[in-house]
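Protein chains in written order, with my numbering: chain A, 1367 to 1848; chain B, 3 to 488; chain C, 915 to 1014.
Beneath this line is the structure, given in structure tokens, with notes to follow.
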Ligand SMILES: [Mg+2]
Ligand SMILES: [Zn+2]
């Protein structure tokens, strides 16, 4: 495991243990990260807002508690970048949209409270594709984020800011949200670990909704162990979220060393063919060999319905989004453009406040739900969703875990896909099925592509099976090409 | 005469050939402590925007959590309306409206909690209920400037205290055929809401709001094009608006025009309905299942608990009184409405004359505390009255005393000096008065009915004076008649 | 699948969604939405007549809370975010009969 730790950045586990033991101060850890921000943020643009003063105050409080003999918690002094669609009380939360510029929520998201209770230190609000709609973080009203591994390339998206912050050493942990791959795909493109938990594992309370039945918050970290630790902190039942799973979060970090001996792992045939770059597919096959060498029974799995995932997703997600984004109407908060009547004021505010991709998805979703089209589009997509769940269930009769690429390619140049939405959407073909099925999946860095940029491989598991999923992820992390 | 001419002729007779068809949609606010999806107080009349939180303000990132009490109230009401309680889901009804914080309303759509019930009017008429579903209320706008009217410019001020208050929308079938029936339906529904305790059902405060779907047709024909009338704040408005709207539609059709399907607003001040929007402008609500809420699937045990919480309903209570008193259910309506049916039934059981008890309950007990009367004391009073020991007027006085301070009717009558005049003694008094007023008696015996009527009053007055009001007027009249014939 | 999405459909949908589009945007969006919907035509081949829809990935039911009052927000904090306020309420232009 020690070999997998990036030399330039500290892991959350290492920081927390050093701070808890008094070996390092939270303030010193923070200053190291703030120095990294000072050095490279101008070039990367990971953040919409850096909270240096607030972070210093929080770090000093952690140090005071350690000095007083208290345990600040499992993330003591760990610097965290929050995706800017997570509500922070009294701190601007923009979703990288002009329509919410300057809005200060009167409450904290559940995950934000849980992080604070565990001793984490929030260093800033990270950039994203506007309202999490995108796969490159280029759809931000405040400008794109760049990939720290190659600043001519996109970091992926929509959690590109949180991911870049981790990859650049601005924060040890990023929190993202994953509706169709928005944690895993940027994790793959930036070379970090990114996980989408089971739908309902992590409370959505305080996550600004994109597509409510698909959205899930998850960690972006340097290591699998960090992911396990963060997930144990932020996960678990929350009565404020009706869709929150009542079962307790299982122990994750303590089982990571248990290995994969006897686990059956299937490589998803339908996600290894057309549209997947050969270098990416090659890394996935190598990853399968690593798992086999560690004692897993590796075979080929078939989940036929995943090929319809993209179609279903681009009807369901925009439909829910069109409704979720109606509230941005200029009445109660956010941008208002004055007009003589309320309907005209709504129209003017929304037209000025939303970017092109958000408008595109609102219109697509409105169309999919509108009179006469519901059955053909939204209704049918919900049925396809059932088929995908059934096919996964069938595959999981023969396999404990599935293996697939995370992104079809490595990071692509900025601007390469912005003019062609469908090409951009195809980035998500390997990640979308887990969102539609509500199942956990993790992207683990596994070597590089022919261009030398990071490749991520994706492990998928049935609902609630985070523990075996992360055990296998730890094996891949250990066996990844250096 | 041509066929069309003949039909035209038939219509000229006025409204007789027209049949009114009315169906009511009633929104009632549930009497929960908190809102439907958040813990803010469900409270009328609070300072603006004080009962609000991220959820009911629809702030980004907030999520709804369903109030168990609201669900149970809805189920209880559903059972009281003889509906079946079904597994239900919530949907989003999407449209832009500044009073609605999320610009969608969370409401039950294709799977409502209550389906297919009915309500029996005091007249015995049965009105179908299509569904009674849960949904959230909107905030409240005040129109400022432009005369405060919704159509005129100015601006609006929005208070979200009411946003998210739990509502049940009760959708009635178009089974009503007059404005009187519509008022009776609304009144009966209100009585059920109060009896079940699920709502305070105050039309003037908006906790019970009635929309009327009105159309006209010739009997036996298909339903005509309907208009929906909003803003009916009292039973009186409901009746007036329906009558106005029916007349408007009949006039349109008789003038050779067509009724256009519209939503119309009742203006109490000018006594008219006004167009709000036509069907062409109707919204495309884009309903879809609310992803933030999960289905409500009542278990058998839960349903049984709810069933046990349904009290005896007004219709059954009217039946009980009608049966005990030998009257029609309609005759029993007033005592049930006043909550005096328990008292009436107990007094009858204690031996009181049923009709006299009903008469007192209808005329003399519209006062606070009447329901706390001791039924045996009431029975005793009614029996004294029936036996002639008290006059009707005296009985009313004694009754008022009993409601105010309790006590036995005999003691109160004694303290007031209401002494029974025996039949013999009363005969003597009457004979004495006749003897002392021979001229009047002669005119009483030989005069016409009109003269006799006047003189009856004279003689009764004389007897009353002689007995200090302790005589029963009816008994005196009877004695006079007896003496005239004898 | 229904017929190809038209410029008029896109204009109607923009209207429903309270978005104003320039002629150029209308043209561009029509083409882009048509491309996405064309791609979605692959589900047409699927026989899903007997397949129930999934609207929640995790099956839960009867998730309810007790009817207990919790603190509301401070009004000043709420109104501080509003674009326009008058008399402690949110001020908006007239709606002109748009009441639903
Ligand atoms: Mg309704
Ligand atoms: Zn609230």
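Here a beta-carbon is modelled for each residue, glycine too, at the ideal position from N, C-alpha and C.
Owing to the predicted nature of the structure, the values given are computational and were not obtained by experimental measurement.
Does DSSP classify residue i as helix, strand or coil?
i: residue 443(B); result: helix
i: residue 126(B); result: coil
i: residue 53(B); result: coil
i: residue 1556(A); result: helix
i: residue 472(B); result: coil
i: residue 453(B); result: helix
i: residue 219(B); result: strand
i: residue 1500(A); result: coil
i: residue 102(B); result: coil
i: residue 1700(A); result: coil
i: residue 1587(A); result: strand
i: residue 1(B); result: Here chain B has residues from 3 to 488 only, and residue 1(B) is not among them.
i: residue 1748(A); result: helix
i: residue 1576(A); result: coil
i: residue 163(B); result: coil
i: residue 1814(A); result: strand
i: residue 95(B); result: strand
Given the structure, does residue i come close to ligand 2, in the sense that its CB is under 8 Å from one of the ligand's heavy atoms?
i: residue 1572(A); result: no
i: residue 37(B); result: yes
i: residue 295(B); result: no
i: residue 141(B); result: no
i: residue 58(B); result: yes
i: residue 166(B); result: yes
i: residue 1487(A); result: no
i: residue 229(B); result: no
i: residue 41(B); result: yes
i: residue 1796(A); result: no
Going by Cα to Cα distance, which pick from the options is closest to residue i?
i: residue 38(B); options: 343(B), 326(B) and 57(B); result: 57(B)
i: residue 90(B); options: 438(B), 225(B), 110(B) and 106(B); result: 110(B)
i: residue 1621(A); options: 1611(A), 1607(A), 1638(A) and 1594(A); result: 1594(A)
i: residue 1420(A); options: 1482(A), 1434(A) and 1431(A); result: 1482(A)
i: residue 365(B); options: 333(B), 27(B), 61(B) and 179(B); result: 333(B)
i: residue 347(B); options: 320(B), 371(B), 368(B) and 73(B); result: 320(B)
i: residue 1794(A); options: 1675(A), 1651(A), 1521(A) and 1723(A); result: 1675(A)
i: residue 24(B); options: 175(B), 81(B), 148(B) and 41(B); result: 175(B)
i: residue 398(B); options: 410(B), 378(B), 367(B) and 475(B); result: 367(B)
i: residue 119(B); options: 133(B), 267(B), 145(B) and 48(B); result: 133(B)
Counting contacts by CB-CB distance shorter than 9 Å, is residue i in contact with chain B?
i: residue 930(C); result: yes
i: residue 1553(A); result: no
i: residue 1057(C); result: Residue numbering for chain C in the displayed model covers 915 to 1014; residue 1057(C) lies beyond these limits and cannot be assessed.
i: residue 1002(C); result: yes
i: residue 1545(A); result: no
i: residue 1016(C); result: Residue 1016(C) is absent from the structure shown; chain C starts at 915 and stops at 1014.
Chain A beta carbons: is any one of them nearer than 9 Å to that of residue i?
i: residue 956(C); result: yes
i: residue 59(B); result: yes
i: residue 295(B); result: yes
i: residue 136(B); result: no
i: residue 246(B); result: no
i: residue 495(B); result: Residue numbering for chain B in the displayed model covers 3 to 488; residue 495(B) lies beyond these limits and cannot be assessed.
i: residue 2(B); result: Past the boundaries of the shown model lies residue 2(B); chain B is included only from 3 to 488, so the question cannot be answered.
i: residue 159(B); result: no
i: residue 991(C); result: yes
i: residue 937(C); result: no
Contact criterion: CB-CB distance below 9 Å. Does residue i meet it with respect to chain C?
i: residue 1472(A); result: yes
i: residue 377(B); result: no
i: residue 79(B); result: no
i: residue 1529(A); result: no
i: residue 1710(A); result: yes
i: residue 1849(A); result: This structure cannot speak to residue 1849(A), because chain A is shown only from 1367 to 1848.
Report all residues for which the CB-ligand distance to some heavy atom of ligand 1 is below 6 Å; order them along the chain.
Here the list is 109(B), 137(B) and 171(B).
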